[in-house]
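Engineer:
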Amino acid sequence: MAVRGRPKGSDSAVTKEKIINAARVEFAANGFDGAGIVSIAENVDIAPSAIYHYFQSKEKLYVEVFESTASAIWDSVFPAENHSTLVEAVEQLLDNSRRLAHKLPAHSDFLASLPIEAKLHPQFSEILKQRAVYQDKTFRNLALLGVQTGELHFLSEDEGTELIRSIIMGWFFEKHFRREEIEHSADAIISMFKYLYATNPNNNNLAIGNY
Amino acid sequence: MKLFSLHGYQGATMSSIAKDAGYTPNALRHHFAYKADLYVAVFADATNYFYPKLVTYLYSDTFEQAVQGSMSEMMKLAKEYPDHIVFVSRAPDEFRKHPELAERITVRDNFQEFFYASLIALGRRTGELGNLSDQTLNVFFRNTMQGWIYEGVYSRNLQDTTQSALIKLAHHL
Numbered sequence: 001m002a003v004r005g006r007p008k009g010s011d012s013a014v015t016k017e018k019i020i021n022a023a024r025v026e027f028a029a030n031g032f033d034g035a036g037i038v039s040i041a042e043n044v045d046i047a048p049s050a051i052y053h054y055f056q057s058k059e060k061l062y063v064e065v066f067e068s069t070a071s072a073i074w075d076s077v078f079p080a081e082n083h084s085t086l087v088e089a090v091e092q093l094l095d096n097s098r099r100l101a102h103k104l105p106a107h108s109d110f111l112a113s114l115p116i117e118a119k120l121h122p123q124f125s126e127i128l129k130q131r132a133v134y135q136d137k138t139f140r141n142l143a144l145l146g147v148q149t150g151e152l153h154f155l156s157e158d159e160g161t162e163l164i165r166s167i168i169m170g171w172f173f174e175k176h177f178r179r180e181e182i183e184h185s186a187d188a189i190i191s192m193f194k195y196l197y198a199t200n201p202n203n204n205n206l207a208i209g210n211y
Numbered sequence: 001m002k003l004f005s006l007h008g009y010q011g012a013t014m015s016s017i018a019k020d021a022g023y024t025p026n027a028l029r030h031h032f033a034y035k036a037d038l039y040v041a042v043f044a045d046a047t048n049y050f051y052p053k054l055v056t057y058l059y060s061d062t063f064e065q066a067v068q069g070s071m072s073e074m075m076k077l078a079k080e081y082p083d084h085i086v087f088v089s090r091a092p093d094e095f096r097k098h099p100e101l102a103e104r105i106t107v108r109d110n111f112q113e114f115f116y117a118s119l120i121a122l123g124r125r126t127g128e129l130g131n132l133s134d135q136t137l138n139v140f141f142r143n144t145m146q147g148w149i150y151e152g153v154y155s156r157n158l159q160d161t162t163q164s165a166l167i168k169l170a171h172h173l
């Protein structure tokens, strides 16, 4: 039974935070349409009408969940340290992504379902654009590194960006859909990048072998 | 299929589907007792639009041609039949939310396993694929081409830049 009225000793900001966290889980599990304000309210132990005190609409709530989620996740995913090789940077990216999915599963699930929700609900096109800007920056930086080291010497910067995007997003989406990584998918990706590292004409020592 | 694409499996109702098709809900239920049955049938129908076409590229002379051709075909089909492509590509998300659908629809997984295994086998026969193991190549190409499709369907159009990148990568192997 939901508690009516303002809970004793509550801090407005704390409650808002709790709503966002509960909403994130609900949106990630059931999508925008399927998400229930009543469910979210129950999880925070307030009346559904109280939610509208903080967020004028379900849409506005979704957008705020996005903003809170993106800022928490995106800065942590991209390899912070400067890597000297693309293969190391990719390894770190997969590792960071994996750790975050483990530590903050609702964040990861929410972001993964964002493009599908935005396709169904054109009013979210703005946040989809923000996602695109962030992603483009991440993948292009990786491609630039690969072009500089020579690991992607046979590709243009644009081609490198798109290739890395497909590789990483393929891994990320399948992991999200199946709730676990496809067996050997990370290994295969790293093996490919190790191969590109080994066959880099800029290397002093070429290591040929089976991967 | 249009309604499944627009509203998802959960959102599309049997009565709205019936109305859109010009049937009464009862007439629809005569053929499809449950929404799941309808979804399964729609899925089988949708995949018929493009799986057979993609298979023809497995008979290419070279691995590079097979990759190039099948990706070009996908880009063409995405323009010709956007609803079908979106519908099939959204399936994994629907399966995640509705596991009972996943149990009944194996055609997508089966097709992918067949397609990528055949693709790698072609590359082995021609000798185009060098030092990496079959498993690595299979998983890598499947992962990357599916990633290309997901990004193309969900956010932006299928990029031909990715196609040229993959061809050059194949050439480099």
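For the record, the sequence lines run as chains H and W.
The working numbering applies: residue 1 is where the first sequence begins, and numbers increase by one.
The working numbering applies: residue 1 is where the second sequence begins, and numbers increase by one.
Heads up, the beta-carbon is just placed ideally off N, CA and C, and yes, glycines get one too.
All of these numbers come straight from a predicted model, not from anything done at the bench.
1) Would the beta-carbon of L94/H fall within 8 Å of that of A186/H?
2) Among the candidates G69/W, D61/W, D93/W, whose CA atom is the shortest distance from the CA of H7/W?
3) Just the Cα atoms here: how many angstroms apart are K2/W and A46/W?
4) Could you work out which residue in E151/W, D83/W, G130/W is closest to F43/W when comparing CA atoms only?
5) On a CA-only basis, which of S72/W, T13/W, G22/W, A41/W is nearest L101/W? Give me that one, please.
6) R156/W lies in the alpha helix (DSSP H); which residues open and close that run?
7) Answer yes or no: does any C-beta atom of chain H fall closer than 8 Å to that of Y39/W?
8) Taking Cβ positions only, does S39/H come closer than 8 Å to chain W?
9) Taking L129/W as part of the alpha helix (DSSP H), name the residues at either end of that continuous run.
10) Using a Cβ-Cβ cut-off of 8 Å, state whether W171/H counts as contacting chain W.
11) What residues of chain H sit near K168/W, judged by a beta carbon separation below 8 Å?
12) When burial is assigned at 16 or more other CB atoms within 10 Å of the CB, is V44/H buried or exposed?
13) Under 8 Å Cβ-Cβ, which residues of chain H neighbour H93/W?
14) Mind checking which residues open and close the alpha helix (DSSP H) that includes I51/H?
15) Cβ of D136/H less than 8 Å from any chain W Cβ?
16) Going along chain W, which residues have a C-beta under 8 Å from H121/H?
17) Between M71/W, E80/W, I120/W, which lies nearest to Y49/W when the distance is taken from Cα to Cα?
18) State the Cα-Cα distance for the pair N210/H and S191/H, rounded to the nearest angstrom.
19) Classify E126/H: buried if its beta carbon has 16 or more other beta carbons within 10 angstroms, exposed otherwise.
20) List, in chain order, every chain H residue whose beta-carbon is nearer than 8 Å to that of S164/W.
21) Check this for me: beta carbons of I37/H and I51/H, under 8 Å apart or not?
22) In the structure shown, what three-state DSSP assignment does A12/W receive?
23) Does the Cβ of S285/H have 16 or more other Cβ atoms within 10 Å, making it buried, or fewer, making it exposed?
24) For the candidate residues K119/H, N203/H, L144/H, whose alpha-carbon lies nearest to that of N82/H?
25) So what's N200/H in DSSP terms, helix, strand or just coil?
26) Helix, strand or coil for E151/H? Go by DSSP, reduced to three states.
27) Please name the residue in R99/H, P122/H, F193/H, T199/H whose C-alpha comes closest to that of L137/W.
28) Chain W beta carbons: is any one of them nearer than 8 Å to that of L206/H?
29) Name the chain H residues that come within less than 7 Å of R90/W, Cβ to Cβ?
30) Is the CB of V55/W under 8 Å away from at least one CB in chain H?
31) Give the range of the alpha helix (DSSP H) segment to which E159/H is assigned.
32) Do we get a CB-CB distance below 8 Å when we pair G123/W with the residues of chain H?
33) Could one say the Cβ of H107/H lies closer than 8 Å to chain W's Cβ atoms, at least one of them?
34) For A21/W, is the classification buried or exposed, using 16 other Cβ atoms within 10 angstroms of its Cβ as the cut-off for buried?
35) So, are the CB atoms of I20/H and S68/H less than 8 Å apart?
36) Work out the CA separation of A78/W and E64/H for me, nearest whole Å.
Structural biologist: Well, looking at it:
1) With respect to the 8 Å criterion, L94/H and A186/H are classified as neighbours on the basis of their beta carbons.
2) D93/W
3) 11 Å
4) D83/W
5) A41/W
6) Per DSSP, R156/W belongs to no alpha helix (DSSP H) and is neither H nor E.
7) Not one chain H Cβ lies under 8 Å of Y39/W.
8) no
9) That residue, L129/W, is in no alpha helix (DSSP H); it is neither H nor E in DSSP.
10) yes
11) Per Cβ cutoff of 8 Å: F154, L155, E159.
12) buried
13) One detail in the question is off: residue 93/W reads as Asp in this sequence, not His. Near D93/W (Cβ distances below 8 Å), the residues of chain H are S113, I116, F177.
14) 48-54
15) no
16) The contacting residues do not exist; H121/H stays about 11 Å from chain W at best.
17) A check of alpha carbon separations from Y49/W across M71/W, E80/W, I120/W identifies E80/W as the nearest.
18) The pLDDT assigned to N210/H is 44, lower than 50, so where the model puts this residue is not dependable, and the model offers no usable value.
19) exposed
20) Those within 8 Å of S164/W in chain H are E159.
21) yes
22) Three-state DSSP puts A12/W in coil, outside helix and strand.
23) Lying outside 1 to 211, the shown extent of chain H, residue 285/H is not represented and no answer is given.
24) L144/H
25) coil
26) coil
27) F193/H
28) In this prediction, L206/H scores a pLDDT of 43, lower than 50, which makes its location untrustworthy; no coordinate-derived value is stated.
29) For R90/W, the chain H residues whose Cβ falls inside 7 Å of its Cβ are I116, in order along the chain.
30) False, the Cβ-Cβ gap to chain H never drops below 8 Å.
31) 157-178
32) no
33) With 8 Å as the cut-off, H107/H does not count as an interface residue toward chain W.
34) exposed
35) yes
36) 33 Å
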